[in-house]
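Residue numbers (our numbering): 310 to 679. Cβ coordinates follow ideal geometry from the N, Cα and C atoms, glycine included.
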Amino acid sequence: MAFSGVVMLLGMTQFRFMDIVPVAYDLIFKNVKSGIILIDLKGRIAGMNHAAEQILGCSEKAVIGKPAVDFLPHQYPILGEFGEAKEIKIEIAMTELGPYYELQITPLHNRRSELVGRLVMLYDITARKQIEKQTLELTIERERVQLLQRFISNMSHDLRTPLTSMKVSQYLLRKELAGQHSVRLDSVEQQTERLAEMVESMLTLLRLEKDECSDLFNLDVNDLVNYVIEFSRPLAGKTGAQLHFSPGKELPQVLANKDELTVALSNLLVNAIRYTPSGGEISISTICDADRIVICVRDNGIGISAEDLPHIFERFYRVDPARGTQTGGFGLGLTITKTILDRHAGIIDVQSQLGEGSEFSVRLPIAKAS
Ligand code: ADP
């Protein structure tokens, strides 16, 4: 041991290491990015580097000889525990919102192995802490959404049975009353229908979000649009809306799920009818544009303001909730349409002018020839 010490000393003298080593140590101490604080046995600051000055927000000169605990967050009186000569590692936050540091305390011993002070190292772990915090927030949010979805799903399923029995009772009551109180009965039936529609919309949305993908088949878009138009005629008849269809010629087929696409297009057509004052015009057209089939539903109805336009695909968003209560909307129709189109690699665009009308265009990829 003594021999090797002599050899080292000889080496250092011979190669002038004695000059280099302290200079290098000094340079490292000054420039290292982590904060370093030297503390004496009484817990007083004996020195610190530039990084520590920045972390503590004060100059070395101003703090020399002062208790280190005064400059670190008060909940860590750990620096006062100088009785024990062990190494300590803890995480500290300078404020509730950070920055965060890993604080490592290492005992300093002299050649006679006597404890002479402590070396406090502060490593910045703010970035890691923020990622941990975000991950935790994301997990909590995901669990919250799952819980909410389960609740909505259970509630919607539970509502189906009483709604069916209410509809049956209303039917029987109408028969028994033989034309009496028909206005009141109409209103009760209408509200029950609205509630049933909402429950079905919620269940559709939940199912679409749960099922990973749908079964897709080659479909003729014009056939599908014709089917949706015929299906919507009774509603158009009630409001006196005129429905026009301009089918594109010899259109290639699209790869789609017929039931889902029917729902997506029906929602657009029902909206066009609902939000067009009586006697309005609704035009539906199909064309082929490059590798997409474009389906347009245009109306000359009430239109949508520029403020509302970016939000209409959000769940439960209704431009005018009061109007929705009269016309029967719940703000789920366009969310369902958009969800279905996403599942088909489709795109939906809307253009609208308040008081002039709206145009919704759906773009679906053409099915590849097999
Ligand atoms: P809702 O069931 O309320 O109709 P949607 O999600 O289908 O819900 O539509 C969201 C909102 O977008 C509607 O409340 C309505 O205000 C507006 N909207 C949708 N389509 C049209 C349209 N063709 N003309 C005017 N407003 C529309």
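field: DSSP-derived helix/strand/coil call for Val-685
entry: As displayed, the chain neither begins before 310 nor continues past 679, which places residue 685 out of reach and without an answer.
field: CA nearest to the CA of Leu-347, picked from Gln-662, Glu-369, Thr-448, Ile-329
entry: A check of alpha carbon separations from Leu-347 across Gln-662, Glu-369, Thr-448, Ile-329 identifies Glu-369 as the nearest.
message: Per the DSSP calculation, Glu-623 is bridged to which residue(s)?
response: None; Glu-623 has no bridge partner.
message: Does the stretch 521-537 come into contact with the stretch 557-564, if we say contact requires no fewer than three beta-carbon pairs (one atom in each stretch) closer than 8 Å?
response: With the rule of 3 Cβ pairs closer than 8 Å, the stretch 521-537 counts as touching the stretch 557-564.
query: In terms of residue numbering, what span does the alpha helix (DSSP H) encompassing Ser-575 cover?
result: Counting along the chain, the unbroken alpha helix (DSSP H) around Ser-575 starts and ends at 567-583.
- prompt: What do you reckon, is the C-beta of Leu-641 under 7 Å from a heavy atom of ligand 1?
  reply: Between ligand 1 and the CB of Leu-641, the shortest heavy atom gap is smaller than 7 Å.
Whole-angstrom distance between Met-357 and Asp-329, CA atom to CA atom: The amino acid at residue 329 is misidentified as Asp; the sequence shows Ile. Here the C-alpha atom of Ile-329 lies approximately 21 Å from the C-alpha atom of Met-357.
Distance between Leu-350 and Val-332 (C-alpha atoms, nearest Å): If you draw a straight line from the Cα of Val-332 to the Cα of Leu-350, it is about 26 Å long.
Among Cys-367, Ile-354, Arg-652, Val-378, the one whose alpha carbon lies nearest that of Leu-517: With respect to the C-alpha of Leu-517, the residue from Cys-367, Ile-354, Arg-652, Val-378 having the closest C-alpha is Arg-652.
- prompt: For Ala-402, which beta-bridge partners are listed by DSSP?
  reply: Ala-402 pairs with Tyr-409.
message: Taking 7 Å as the cut-off, is the C-beta of Ala-545 nearer than that to any heavy atom in ligand 1?
response: No.
query: Helix, strand or coil for Phe-669 per DSSP?
result: Strand, per DSSP.
- prompt: CA-CA distance, Arg-606 and Tyr-410?
  reply: A small correction: the amino acid at residue 606 is Val; Arg does not occupy that position in the sequence shown. One C-alpha to the other measures close to 58 Å.
- request: Could you tell me whether any non-hydrogen atom of ligand 1 is closer than 7 Å to the CB of Tyr-584?
  value: Yes, since a heavy atom of ligand 1 falls inside the 7 Å radius drawn around the Cβ of Tyr-584.
- request: Following the continuous alpha helix (DSSP H) through His-466, name the residue where it begins and the one where it ends.
  value: The continuous alpha helix (DSSP H) containing His-466 extends over residues 435-486.
Under the three-state DSSP convention, the category Ala-311 falls into: Unreliable positioning characterises Ala-311 in this predicted model, as indicated by a pLDDT of 48, which lies under 50. The coordinate reading is nonetheless provided below. Reduced to three states, the DSSP call for Ala-311 is helix.
field: As assigned by DSSP and simplified to three states, the class of Pro-674
entry: Strand.
message: Taking 6 Å as the limit between beta carbons, can you name the residues of its chain near Glu-665, skipping five residues before and five after?
response: Gly-612.
message: For the beta strand (DSSP E) containing Asn-527, name the first residue and the last one.
response: Where Asn-527 is concerned, the enclosing beta strand (DSSP E) stretches over 526-528.
message: Short of 7 Å in beta carbon distance, which residues of its chain neighbour Lys-438, apart from the five on each side in sequence? Order them along the chain.
response: Answer for Lys-438: Gly-407, Tyr-409, listed in chain order.
task: Identify whether Phe-338 lies in helix, strand or coil by the three-state DSSP scheme.
output: Per DSSP, reduced to three states, the secondary structure at Phe-338 is helical.
message: Pairs of beta-carbons, one from the stretch 593-609 and one from the stretch 617-625, closer than 8 Å: are there three or more?
response: Contact fails between the stretch 593-609 and the stretch 617-625, because fewer than three Cβ pairs, one in each stretch, are under 8 Å apart.
query: Would Asn-609 be called buried (16 or more neighbouring beta carbons within 10 Å of its own) or exposed?
result: Answer is buried; the Cβ neighbour count reaches 16.
- prompt: Would you call the stretch 440-459 and the stretch 496-505 in contact, with 3 or more CB pairs under 8 Å?
  reply: Touching, no, given that fewer than three Cβ pairs across the two stretches are closer than 8 Å.
Backbone secondary structure at Ala-361 - three-state DSSP: In the structure shown, Ala-361 sits in a helix (DSSP, three-state: H, G or I).
query: Taking the continuous alpha helix (DSSP H) assigned at Arg-503, which residues delimit it?
result: In the DSSP annotation of this structure, the continuous segment of the alpha helix (DSSP H) that includes Arg-503 starts and ends at 491-519.
Boundaries of the beta strand (DSSP E) in which Leu-552 is found, first to last residue: Judged by DSSP secondary structure, Leu-552 falls within the beta strand (DSSP E) whose first and last residues are 551-555.
field: When Met-475, Met-464, Gln-413 are compared against Ser-510, the one with the closest alpha-carbon
entry: The residue with the shortest Cα to Cα distance from Ser-510 is Met-464.
heavy atom of ligand 1 below 7 Å from Thr-571 C-beta: Of the heavy atoms belonging to ligand 1, none sits nearer than 7 Å to the Cβ of Thr-571.
task: Report all residues from its chain with a CB closer than 8 Å to the CB of Ser-575; omit the five preceding and five following residues, and keep chain order.
output: Once the five neighbours on either side are set aside, the close Cβ partners of Ser-575 are Val-537, Phe-540, Ser-541.
task: Give me the Cα-Cα distance between Ser-614 and Val-659, rounded to the nearest whole angstrom.
output: The C-alpha of Ser-614 lies about 12 Å from the C-alpha of Val-659.
query: Where does Ala-615 fall in DSSP's three states?
result: Secondary structure at Ala-615: coil, using DSSP grouped into helix, strand and coil.
field: Close Cβ partners of Ala-676 (< 6 Å) along its chain, the five nearest in sequence each way excluded
entry: Result list for Ala-676: Asn-527, Gln-562, Val-563, Leu-564, in chain order.
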